[in-house]
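Notes follow once the structure below has been shown.
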Amino acid sequence: MHISVHGAEYAFGAHDSPSSGVFEVEPRQCPGFKFRKSVLIGTTCLDALEVREFMEYHSSNYYGNTYSLIAKNCNHFCKDVCYRLTRKLIPKWVNRLAEIGSSFHCVLPESFINDSVSQRNPSSDEECSSDKRKLKSSFSCLSSVSVRQMQLSRFPEQ
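For the sequence shown, counting from 1, position 49 maps to 50 in this note's numbering; every step adds exactly one.
Right, dumping it as structure tokens:
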């Protein structure tokens with residue numbers, strides 16, 4: 002799932018580095034993913050530059066090496082960001098599978114719950130290597146947060 006706002010799409014994905022997994026692409030053009038559906042959640046009073054600063058600030062909460070299909074996935078990111086931008090929640094069905102999975106954590110292998118997706122599926126590395134190269138620069142685009150952004154009081158933790 003991705004957040005589309007002001008002509009840009011933001012998402013959270015897995016990688017092996019201890020840096021932001023938040024990336025930006027053109028709407029409906031994320032390499033390796035097929036667009037399925039758009040759901041209007043709400044509007045934001047922030048302009049495009051303020052949204053980008055907001056994403057840069059919050060990207061520090063979403064490092065690629067912390068991605069988990071069950072506990073911290075792209076849908077968790079979207080839920081958090083959508084609420085902060087619009088004060089509205091995403092539909093419950095969006096992350097239902099992860100919620101069900103968290104209820105059965107005692108029967109799932111620990112590696113499935115805690116490891117990042119990129120570490121769990123080495124066979125897909127060959128298939129997606131060109132897509133990973135395309136996204137590699139995008140992963141780093143939101144990874145560094147300046148001191149000024151860290152001190153922003155406009156986007157308090159709720």
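Each residue gets a CB set at the ideal place from its N, CA and C atoms; glycine is no exception. Treat the numbers as computed from the prediction; the structure is a model and nothing was measured.
Alpha-carbon to alpha-carbon, residue j and residue i
i: glycine 65; j: alanine 72; result: 13 Å
i: lysine 93; j: isoleucine 101; result: 12 Å
i: lysine 38; j: serine 61; result: 28 Å
i: cysteine 79; j: lysine 89; result: 11 Å
i: isoleucine 42; j: threonine 67; result: 26 Å
i: glutamate 54; j: leucine 47; result: 10 Å
i: histidine 3; j: phenylalanine 13; result: 8 Å
i: histidine 16; j: leucine 70; result: 13 Å
i: glycine 22; j: aspartate 81; result: 15 Å
N-terminal and C-terminal residue of the alpha helix (DSSP H) that residue i is part of
i: glutamate 10; result: Note, glutamate 10: premise wrong, no alpha helix (DSSP H); beta strand (DSSP E) at 9-13.
i: phenylalanine 55; result: 49-59
Residues bridged to residue i (per DSSP)
i: tyrosine 64; result: Ser21
i: serine 5; result: Glu10
Buried or exposed by the 16-neighbour rule on C-beta atoms within 10 Å, applied to residue i
i: alanine 49; result: exposed
i: phenylalanine 24; result: buried
i: histidine 77; result: buried
i: histidine 59; result: buried
For residue i, three-class secondary structure by DSSP
i: lysine 73; result: strand
i: histidine 16; result: coil
i: valine 26; result: strand
i: lysine 80; result: helix
i: serine 39; result: coil
i: lysine 89; result: coil
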